[in-house]
Every structure is written in C-alpha cells, then in structure tokens.
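This report concerns only the one structure given below.
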Amino acid sequence: MLACRGLRKQFGERVAVDNVSFTVADNECYGLLGPNGAGKTTTIAIVCGLLKADAGEVTIDGEPGGSLGAKAAVGYVPQELALYPDLSARENLHFFGQLYGLGGKRLERRISETLALVGLAERGKDHVGTYSGGMKRRANIAAGLLHEPRLLILDEPTVGVDPQSRNAILETVAGLGIAVLYTTHYMEEAAKLCHRVGIIDDGRLVAEGTPANLIRDHGGSDRVRLTFADVDSDGFAATCLLVPGVSDIRPIDGGLELTTDHGAAALPSVVRQAGQCGVELTGVEVLAPDLEGVFLALTGKELRD
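By the working numbering, the letter at position 218 of the sequence shown is numbered 284, and the numbering carries on one by one without gaps.
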C-alpha cells in the first residue's frame with residue numbers, strides 16, 4: 067500500500083531524512099518511532115505530498131507520491147487538532163467531506179458512520195470547542211476517515227488524552243482493517259498495535275521488524291529500577307557496579323536504573339548494598355526487555371528525549 071525508497075530531505079546544512087526506506091502492506095499497522103527531531107514529521111510530510119524529497123520515491127496504492135491519486139488514497143490525522151471549535155462535529159465533517167469531493171447522501175452516510183466509529187454519534191451536534199481533549203482527538207480521526215482512505219497516517223493521536231480516550235482510540239485503530247502509518251511516543255501503544263516497527267534516529271532508519279523480533283535481537287538485558295529517598299547516590303551507584311551481572315547504571319527521577327544479565331537474581335545483592343550504604347529503598351522493579359529498552363540500546367536516547 068505504501069512504499070518509500072531511499073528518501074532524503076535536507077534543510078540547509080541539516081539532513082532531516084537520510085536514505086529512509088520502508089513499506090506498509092494493506093491491513094498492516096506500521097509504527098514509526100523516534101525522538102523529536104529524528105525525521106518522523108518530515109518523512110510523513112513527504113509521504114503526504116506536502117514536501118518534495120530531494121531524492122528517493124514514494125508510491126501509495128501504486129500511484130506516485132504527491133499525485134492526486136496518491137493523495138486521494140491517504141487520510142492524514144496530524145498531531146495538532148485540525149478542526150473548527152465553533153462548529154459542531156457534524157458541521158466540521160460536512161466541510162471536510164466537501165473538500166474531499168463528497169456530497170449528498172454519501173457524505174451524510176459517511177459522517178454518521180465515522181462519528182459512530184469513534185464513539186461520538188451522540189455528540190455530533192455539539193460544538194467541538196465543548197469537547198474534552200480525547201473527544202477532539204477522536205473527531206480529528208473521524209475527519210481523516212471520511213473519504214474511506216486506503217492508508218491512514220496518524221501522527222501521535224493520543225498525546226494529552228485521558229486513559230479512557232486513549233483506549234478508545236487504540237481500539238478504533240486496531241479495528242480499521244486498512245493500512246496505517248502510526249507515530250507515537252508511547253512504546254506500549256506500538257507494542258500493542260503495530261505489526262512492524264521502524265526506529266528512526268538522526269534521519270536514518272536504524273532498525274525495523276516486529277516488536278517481538280526487535281526485542282529478541284536488540285532488547286538487551288533486564289533492568290532493575292530502584293527508587294529511594296533523597297540521598298547522595300554516587301556512592302551507592304559505585305557499589306552497585308560491583309554486584310555480579312550489573313553492567314550499567316543510569317540515574318532516573320528519584321532513583322537509579324541498573325542493567326543486569328541476572329534479572330531478579332541480582333536483587334538480594336543490590337538490596338544488601340543499599341543497606342550498607344544507608345540508602346532506604348522505596349521501590350524495586352525488575353523490567354524485562356521491551357521496546358523502550360530496544361530504543362535505548364539502538365539510539366542511546368529515551369523516546370521522549
């Protein structure tokens with residue numbers, strides 16, 4: 067459904083996208099993950115035909131990227147809300163539907179169908195400005211689905227929404243049955259939704275695969291997360307490095323995170339070191355390898371950096 071081959075885009079001296087290639091199959095949800103400034107937004111703009119690549123090519127449903135045929139196949143839901151707050155949801159969708167070339171009974175049917183799909187059928191006549199953040203996000207998705215696209219592009223659709231709305235959005239996306247290109251800062255969303263994931267950093271696609279395969283190949287060791295009262299932790303950190311199996315330590319808010327090949331088996335030694343250093347532990351958690359660990363291992367950064 068979507069094929070990107072050798073995409074490159076440069077702004078002055080900065081290379082924003084550097085030889086990026088990936089595909090998204092029909093009915094597949096593909097997650098594009100990366101920190102701010104990694105090249106996700108530029109890649110999406112090229113796919114949507116909003117930017118022209120310096121090199122490489124895009125095809126969407128067999129049509130050249132940027133062509134009318136390719137644009138007609140895409141539903142784009144940007145991170146920023148693209149709705150008029152002084153209009154109702156139905157009025158917004160009527161306006162956007164006309165821009166898509168829809169009209170008459172087909173437009174009215176699609177407005178009702180998309181509002182029902184995102185759980186807003188009962189609030190369709192209310193002004194969008196009266197909606198909660200999660201409801202606005204769902205209405206934003208409805209606008210992107212009106213014209214029955216073959217490829218839906220969702221740019222961080224759950225930012226700033228409550229857990230209930232986040233779950234509703236994830237359930238909606240999971241049940242669409244079309245190709246989806248999905249960006250998010252929440253690794254648990256990618257693990258739950260995405261059939262495959264591409265990790266982009268500094269403009270390059272550094273890894274790609276199913277979440278399970280990425281965790282297997284790049285997940286690294288278990289992590290032990292320790293939280294404790296406000297103390298000078300330098301001495302404690304140095305002694306933790308003496309614990310067998312502990313290979314790395316990094317500070318986190320309110321504590322330390324240890325990388326270990328021994329998992330839970332390292333806990334008794336770590337707790338003993340805390341006691342000897344006068345550190346009162348308030349929390350201990352063993353974290354198995356996950357996509358967050360994969361991202362950290364491949365880029366040296368947190369996803370939200």
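By construction, the Cβ of each residue, glycine as well, lies at the ideal position given by its N, Cα and C atoms.
Keep in mind the model is a prediction, meaning the values are calculated, not measured.
Judged by DSSP in its simplified three-state form, H328 adopts coil rather than helix or strand. One thing to note: G170 has its Cβ no nearer than 8 Å to the Cβ of A136.
Residue burial is scored here from C-beta neighbours: P229 has fewer than 16 other C-beta atoms within 10 angstroms and is therefore classed as exposed. Every beta strand (DSSP E) stretch that sits fully inside the segment 130 to 212 and reaches 3 residues is listed by chain position as 140 to 143.
Collapsing the DSSP output to three states places D267 in a strand. Going by DSSP, K75 is part of the beta strand (DSSP E) stretching over L68 to F77.
Per DSSP, the continuous alpha helix (DSSP H) segment holding E237 begins and ends at P229 to A240. The Cβ-Cβ distance between V290 and V337 does not fall below 8 Å. Here the segment 241 to 248 lies against the segment 208 to 220, with 3 or more beta-carbon pairs under 8 Å apart.
Per DSSP, the continuous beta strand (DSSP E) segment holding E123 begins and ends at A121 to I126. Nearest in C-alpha terms to Q342, of all of A304, D356 and P317, is A304.
Counting only runs of at least 3 residues, the segment 345 to 370 fully encloses the following beta strand (DSSP E) elements, listed from N- to C-terminal order: 347 to 353. With at least 16 other beta carbons inside 10 angstroms of its own, K75 counts as buried. Annotation for T109: the continuous alpha helix (DSSP H) segment containing it runs K106 to C114. If you draw a straight line from the Cα of P277 to the Cα of T365, it comes to about 16 Å. With fewer than 16 other beta carbons inside 10 angstroms of its own, I318 counts as exposed. Using a Cβ-Cβ distance cut-off of 8 Å, the segment 148 to 160 and the segment 187 to 201 are in contact, since at least three pairs of beta carbons, one from each stretch, lie closer than that value.
S198 counts as exposed, since fewer than 16 other C-beta atoms from the protein chains shown sit within 10 angstroms of its C-beta.
The count of Cβ pairs closer than 8 Å, one atom from the segment 70 to 89 and one from the segment 265 to 275, reaches three, so the stretches are in contact. Residue state for E255 is assigned as helix, using DSSP reduced to three classes.
According to the DSSP assignment, R338 belongs to the alpha helix (DSSP H) that extends over L333 to Q342. Boundaries of the beta strand (DSSP E) around R80: R80 to V90. C306 sits in a helix when the DSSP states are folded into three classes. Judged by beta-carbon spacing, K202 lies within the 8 Å limit of L147, meaning their Cβ atoms are closer than that value. Non-local C-beta neighbours of T108 in its own chain, meaning closer than 7 Å and more than five positions away in sequence, comprise K75, A82, V83 and L117, ordered along the chain. Contact check for R71 and E123: beta-carbon distance about 5 Å, within the 8 Å limit, so the pair qualifies. When the alpha-carbon of E255 is set against those of A273, E274, A234 and G243, the nearest one is in A234. Taking the CA atoms as reference points, Y142 sits about 29 Å from L362.
Bounds of the beta strand (DSSP E) holding L247 are A245 to T249.
For L353, same chain residues with a beta-carbon under 7 Å away, outside a window of 5 residues either side, are D288, R289 and R291 in chain order. Excluding residues up to 5 positions away in sequence, L159, A208, L211 and L212 lie with their Cβ nearer than 7 Å to the Cβ of T180 in the same chain.
Within the model, the alpha-carbon separation for G275 versus I265 is close to 9 Å. DSSP places L280 inside the alpha helix (DSSP H), whose first and last residues are P277 to H284.
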